[in-house]
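Take a look at the structure below.
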Ligand code: SF4
Ligand code: SF4
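Residue numbers (the numbering used here), protein chains in the order written: chain A, 3 to 425; chain B, 7 to 497.
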């Protein structure tokens with residue numbers, strides 16, 4: 003398999019230790035790119051066997067796929083591709099775990115089921131059951147439950163899908179037409195953000211289409227479930243890559259990154275891939291779209307109360323799509339906001355899809371380190387361009403007892419934009 | 007006693023190596039109680055993961071222990087002494103000479119979790135650290151205070167201070183600021199029997215003889231370093247970074263000798279050959295000239311007019327020697343990119359061939375141009391790819407011999423070429439290693455570099471401090487000077 007050829011380039015220099023978040027926490031070889039690659043290499047050389055040594059699968063699963071090692075590796079070894087190939091192979095032998103069946107094929111593959119789950123979560127929150135969980139008596143015994151509970155934001159809204167029509171047209175003539183890809187996490191956990199972005203973009207003259215899309219497929223890809231990835235991509239492609247749409251945008255960096263790689267998702271050497279490849283450039287990070295296509299027009303913005311904002315780079319935005327300056331430019335353009343950089347803004351938050359649930363301990367430690375950096379920056383607001391990172395960092399902040407608002411950069415911009423304005 | 011497989015790159019360390027264990031169950035149980043079960047690893051996969059470092063040598067330990075505190079470290083060493091277990095100390099595992107692999111089994115004792123900065127004293131300009139702290143983490147810690155720790159080996163992103171001390175690492179700034187031993191004021195050591203001693207400025211009575219130097223470059227074979235008191239240096243106020251391009255490798259070497267003999271002391275003087283330039287351009291896209299035979303990176307630091315005078319002299323020398331182009335880095339970003347490129351040299355070799363033997367010979371500075379050309383000639387004659395980079399300012403060459411791990415014949419040719427390089431360097435009045443250590447790689451050459459008396463002296467010291475030869479067994483000294491596993495000497 004071609005992805006395994008990557009292994010050959012690793013000459014064990016160890017430089018990846020300096021950026022790998024899991025190594026940073028554990029300081030153990032098994033949790034570094036070098037170690038992970040070594041094990042997959044031995045497996046490929048026939049020294050080990052998935053069946054006889056299932057420990058390898060566990061260690062391959064510990065990788066966040068954050069790609070920090072890849073961009074810092076002097077030999078540019080694509081550790082993420084090696085890990086994905088290994089997961090694919092393992093899945094072929096073992097099949098999906100119960101957790102993966104429930105979460106991925108069971109829930110994420112079906113929007114309606116996710117939305118029903120959202121109703122339950124809101125019920126749980128409103129009923130006050132949450133307060134019992136946090137009460138002193140139960141606290142110690144229920145640590146794990148509390149960890150999971152911390153992911154649930156207070157005042158969770160109903161799914162965004164039900165709050166928005168399928169087409170939103172601006173008041174005047176449309177500057178261009180765009181698809182707003184409403185991903186799973188945005189739909190269930192990010193309704194406030196989605197509404198704000200949609201309103202803002204429409205107020206700037208964008209005609210937005212919100213087709214009923216399926217999951218982007220990235221969560222399934224990380225487990226190696228290639229068949230499901232292909233099925234989901236095939237379902238979404240005709241909905242979003244239509245001739246009359248100029249751009250495809252989303253508030254979720256993970257979805258954006260996935261959509262921009264749909265030729266790989268659908269199967270790299272297939273005719274479908276050939277067809278979709280020329281259209282992939284239409285997928286655009288929403289921050290970049292605002293900066294490049296709409297313009298920031300800082301003179302028209304109302305000042306917001308003086309606030310220090312720090313920005314967390316999502317892996318899929320920064321290393322996946324090369325988004326670095328646009329979100330920062332947005333923050334700097336809003337009067338009243340000051341951008342303060344945190345240490346290691348570019349290191350993974352540990353959310354990594356469902357990593358927070360499959361690896362609660364490591365994920366929690368990575369989040370805690372990130373929260374310390376956020377705190378040290380002196381910021382009083384955190385800006386993030388991804389609902390998954392928002393969920394993870396929101397939970398990390400809550401566990402640390404911090405009340406920092408977590409907002410999308412465009413949400414901040416929207417707050418300063420003249421209401422109902424039209425250009 | 008078990009002996010590991012021959013030093014080859016590819017295979018599993020564990021399979022085909024079923025010797026008798028020297029560690030009994032009580033030892034493993036007690037070790038687990040000291041450091042916690044998560045940090046006492048005996049599973050087959052963890053053994054694999056601690057069988058290698060950045061060198062071609064692969065040998066499996068029987069147990070991997072990662073203490074979380076100095077006290078735990080000490081208890082483990084005591085326990086090992088009771089059970090007579092061999093200990094191979096390990097930092098980040100970036101040794102290029104096999105220093106961190108357990109040649110004779112036993113325990114790998116990794117200090118990566120001992121990574122705290124304990125005390126910063128800006129008045130005395132010192133910092134006290136745990137030995138597992140990563141060099142670059144220390145630099146980042148010091149920077150806001152306007153200080154640096156000058157030794158900066160290319161592996162500084164990952165390498166620990168324990169490793170820097172064990173190998174007496176130099177690095178890019180070595181030519182002006184000296185190497186690790188010039189910046190270590192005192193050590194806290196755990197001896198083979200578990201005793202804790204402090205040396206140099208860390209000793210209670212500073213008037214006692216300072217034995218700190220004894221442990222510099224001792225490769226973990228005399229004691230384990232738990233803490234180090236380091237001298238820190240103010241960051242240079244201003245600097246200039248110059249790159250010069252040559253159509254011949256020897257010319258770049260001549261430029262180096264001339265710069266030094268003109269009395270200029272650059273912070274860094276680094277030579278990179280054609281193949282390295284191509285590999286690094288492929289990685290970083292800096293616009294390096296792909297047709298150049300050699301590039302010389304020069305950095306000078308200091309203050310205003312003096313700095314500009316030196317810069318002018320450097321430009322003139324490069325031009326006189328026949329540089330095809332000389333240029334000044336425009337800004338900080340460009341400078342950082344140039345150094346990132348140089349530091350990435352070793353890892354970037356993976357772009358050319360999957361496996362590397364890195365050599366580390368030093369020669370007197372006036373012999374540098376000739377030595378660079380000799381290595382080129384050896385490369386041609388043995389038909390092996392040798393990529394050259396050098397800390398040229400102190401005559402420290404780093405020829406990288408590349409091979410395919412599945413091609414045994416090519417690996418053999420590399421070994422032969424390597425031996426010839428060692429011989430030539432010694433003939434030129436040089437040394438086997440500038441900073442990578444003897445490890446497993448260069449033991450057989452020790453007899454050539456040192457006299458019998460010198461080797462016996464080293465052997466005596468080893469026998470005093472580690473009579474059972476349990477600390478990094480089988481390393482540094484040839485077997486007939488070494489006690490314990492892999493050695494032929496009784497204490
Ligand atoms: S940085 Fe790259 S080449 Fe070096 S050990 Fe890590 S993956 Fe291998
Ligand atoms: S992708 Fe991220 S978590 Fe995985 S090995 Fe690389 S740096 Fe570590």
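We treat Cβ as the ideally placed atom computed from N, Cα and C, and that holds for glycine.
Beta-bridge pairing of residue 333 of chain B - partner residues as DSSP gives them: Translated into positions along the second chain, residue 333 of chain B becomes position 327. Partner(s): B:249.
Report buried or exposed for residue 67 of chain B, applying the criterion of at least 16 other Cβ atoms within 10 angstroms of its Cβ. Within the second chain, numbered from 1, the residue matching residue 67 of chain B stands at position 61. With 16 or more Cβ atoms within 10 Å of its Cβ, residue 67 of chain B is classed as buried.
Could you check the C-alpha separation between residue 207 of chain B and residue 289 of chain A for me, to the nearest Å? As a first step, residue 207 of chain B must be located in the second chain, where it is residue number 201. As a first step, residue 289 of chain A must be located in the first chain, where it is residue number 287. Annotation: residue 207 of chain B to residue 289 of chain A spans about 55 Å, alpha carbon to alpha carbon.
Quick one: is the Cβ of residue 16 of chain A within less than 6 Å of any heavy atom of ligand 1? One-based indexing of the first chain puts residue 16 of chain A at position 14. Yes, Cβ of residue 16 of chain A sits closer than 6 Å to a heavy atom of ligand 1.
List the residues of chain B whose Cβ lies closer than 9 Å to the Cβ of residue 61 of chain A, in chain order. As a first step, residue 61 of chain A is located in the first chain; it is residue number 59 there, counting from the start. The answer, in chain order, is 51 and 55.
Nearest to residue 358 of chain A by alpha carbon, out of A:419, A:394, A:181 and A:329? Locating residue 358 of chain A in the first chain gives position 356, counting from the first residue. Comparing Cα-Cα distances from residue 358 of chain A to each of A:419, A:394, A:181 and A:329, the minimum goes to A:394.
For residue 419 of chain A, which option in A:376, A:298 and A:240 has the closest C-alpha, if you only look at C-alpha atoms? Looking up residue 419 of chain A in the first chain gives position 417. Selected option, being the one with the closest Cα: A:298.
Any C-beta of chain A sitting closer than 7 Å to the C-beta of residue 67 of chain B? Walking along the second chain from the start, residue 67 of chain B turns up at place 61. Cβ-Cβ to chain A under 7 Å: no for residue 67 of chain B.
Since residue 64 of chain A meets chain B, which of its residues come closer than 7 Å, beta carbon to beta carbon? What you label residue 64 of chain A is simply residue 62 of the first chain in a count that begins at 1. The premise fails here: residue 64 of chain A is roughly 12 Å from chain B at the closest Cβ pair, so nothing lies under 7 Å.
Consider the Cβ of residue 354 of chain B: report whether some Cβ of chain A lies at a distance smaller than 7 Å. By 1-based counting over the second chain, the position of residue 354 of chain B is 348. Judged by the 7 Å Cβ criterion, residue 354 of chain B is in contact with chain A.
Tell me whether the beta-carbon of residue 233 of chain B lies closer than 7 Å to the beta-carbon of residue 149 of chain B. Start at 1 with the first residue of the second chain, and residue 233 of chain B comes out as number 227. Start at 1 with the first residue of the second chain, and residue 149 of chain B comes out as number 143. No, the Cβ-Cβ distance between residue 233 of chain B and residue 149 of chain B is not below 7 Å.
Taking only runs of the beta strand (DSSP E) that begin and end inside the region 161-198 of chain A, which ones reach a length of at least 3 residues, in chain order? Note on the region 161-198 of chain A: whole beta strand (DSSP E) runs with a minimum of 3 residues are 178-182, in chain order.
Helix, strand or coil, according to DSSP, for residue 199 of chain B in the structure here? As a working mapping, residue 199 of chain B is identified with position 193 in the second chain. Residue 199 of chain B: coil per DSSP, three-state reduction.
Note the first and the last residue of the continuous alpha helix (DSSP H) segment covering residue 330 of chain A. Walking along the first chain from the start, residue 330 of chain A turns up at place 328. Annotation for residue 330 of chain A: the continuous alpha helix (DSSP H) segment containing it runs 327-335.
Three-state secondary structure (DSSP) at residue 240 of chain A? Sequence index remark: in the first chain, residue 240 of chain A carries index 238 (1-based). In the structure shown, residue 240 of chain A sits in a helix (DSSP, three-state: H, G or I).
Just to confirm, does residue 59 of chain A get its C-beta within under 6 Å of one of the non-hydrogen atoms of ligand 2? Residue mapping note: residue 59 of chain A aligns to position 57 of the first chain, counting from 1. Not so, every heavy atom of ligand 2 lies at least 6 Å from the Cβ.
I need the straight-line Cα distance from residue 35 of chain A to residue 259 of chain A, nearest angstrom please. Walking along the first chain from the start, residue 35 of chain A turns up at place 33. Walking along the first chain from the start, residue 259 of chain A turns up at place 257. Computed Cα separation, rounded: 22 Å.
If contact means a Cβ-Cβ distance below 7 Å, which residues of the region 74-104 of chain B contact chain A? Contacts with chain A (Cβ-Cβ distance below 7 Å) from the region 74-104 of chain B involve 98, 99 and 100, listed in chain order.
How would you call residue 73 of chain A, buried or exposed, if buried means at least 16 neighbouring beta carbons within 10 angstroms? Residue mapping note: residue 73 of chain A aligns to position 71 of the first chain, counting from 1. Exposed.
Measuring straight from C-alpha to C-alpha, what distance separates residue 19 of chain A and residue 161 of chain B? As a working mapping, residue 19 of chain A is identified with position 17 in the first chain. As a working mapping, residue 161 of chain B is identified with position 155 in the second chain. About 11 Å.
When every heavy atom of ligand 1 is checked, does at least one fall within less than 6 Å of the C-beta of residue 36 of chain A? Counted from its first residue, the first chain places residue 36 of chain A at position 34. Yes, the beta carbon of residue 36 of chain A sits closer than 6 Å to at least one heavy atom of ligand 1.
What do you get for residue 15 of chain A, buried or exposed, if any count of 16 or more other CB atoms within 10 angstroms of its CB means buried? Taking the first residue of the first chain as position 1, residue 15 of chain A is located at position 13. With 16 or more Cβ atoms within 10 Å of its Cβ, residue 15 of chain A is classed as buried.
Look at the alpha carbon of residue 14 of chain B and the alpha carbon of residue 440 of chain B, and state the distance between them as a whole number of angstroms. Reading the second chain from its first residue, position 8 is the one you call residue 14 of chain B. Reading the second chain from its first residue, position 434 is the one you call residue 440 of chain B. For residue 14 of chain B, the predicted model reports a pLDDT of 41, less than 50, meaning its position is unreliable and no value from the coordinates is stated.
Taking 6 Å as the limit between beta carbons, can you name the residues of its chain near residue 96 of chain A, skipping five residues before and five after? Walking along the first chain from the start, residue 96 of chain A turns up at place 94. A distance below 6 Å between beta-carbons, with the five flanking residues on each side excluded, links residue 96 of chain A to no residue of its chain.
Neighbour flag for residue 6 of chain A against chain B, beta carbons, 7 Å: Position 4 of the first chain, counting from 1, holds the residue named residue 6 of chain A. So no, residue 6 of chain A is outside the interface.
Along chain A, which residues have their Cβ under 7 Å away from the Cβ of residue 164 of chain B? Position 158 of the second chain, counting from 1, holds the residue named residue 164 of chain B. Listed along chain A are 16, 17, 19 and 20, each with a C-beta nearer than 7 Å to that of residue 164 of chain B.
9 Å Cβ cut-off: residues of chain A touching residue 30 of chain B: As a first step, residue 30 of chain B is located in the second chain; it is residue number 24 there, counting from the start. Within 9 Å Cβ-Cβ: nothing; residue 30 of chain B doesn't reach chain A, min ~24 Å.
What does residue 357 of chain B touch in chain A if you count any residue whose Cβ is under 9 Å from its own? Position 351 of the second chain, counted from the start, is the residue given in the question as residue 357 of chain B. Counting only Cβ-Cβ distances below 9 Å, residue 357 of chain B has contacts in chain A at 11, 76, 77 and 78, in chain order.
What residue range does the alpha helix (DSSP H) around residue 149 of chain B cover? The count along the second chain starts at 1 and reaches residue 149 of chain B at position 143. For residue 149 of chain B, no alpha helix (DSSP H) encloses it, and the DSSP letter there is neither H nor E.
Mapping DSSP to helix, strand and coil, what is residue 232 of chain B? Along the second chain, read from residue 1 onward, the residue named residue 232 of chain B stands at position 226. The answer is strand: DSSP assigns residue 232 of chain B an E or B state.
Below 6 Å CB to CB, which residues in the same chain sit around residue 44 of chain A once its five sequence neighbours on both sides are set aside? Numbered from its first residue, the first chain carries residue 44 of chain A at position 42. Once the five neighbours on either side are set aside, the close Cβ partners of residue 44 of chain A are 50.
I'd like to confirm something about residue 79 of chain A: is its beta-carbon nearer than 6 Å to some heavy atom of ligand 1, or not? By one-based count along the first chain, residue 79 of chain A stands at place 77. Proximity of the beta carbon of residue 79 of chain A to ligand 1 is indicated: a heavy atom of the ligand is located closer than 6 Å.
DSSP on residue 394 of chain B, reduced to helix/strand/coil? Position 388 of the second chain, counted from the start, is the residue given in the question as residue 394 of chain B. The answer is strand: DSSP assigns residue 394 of chain B an E or B state.
Can you name, in chain order, every residue of its own chain whose Cβ lies under 6 Å from the Cβ of residue 413 of chain A, other than the five neighbours on each side? Sequence index remark: in the first chain, residue 413 of chain A carries index 411 (1-based). Taking C-beta separations shorter than 6 Å and ignoring five residues to either side along the sequence, the partners of residue 413 of chain A in its chain run 195 and 198, following chain order.
Is residue 31 of chain A close to chain B? Criterion is C-beta to C-beta, closer than 7 Å. Counting from 1 along the first chain, the entry for residue 31 of chain A is found at position 29. Yes, residue 31 of chain A counts as interfacial toward chain B.
Counting only beta-carbon atoms, is residue 366 of chain A nearer than 7 Å to chain B? Indexing the first chain from 1 puts residue 366 of chain A at position 364. Not an interface residue.
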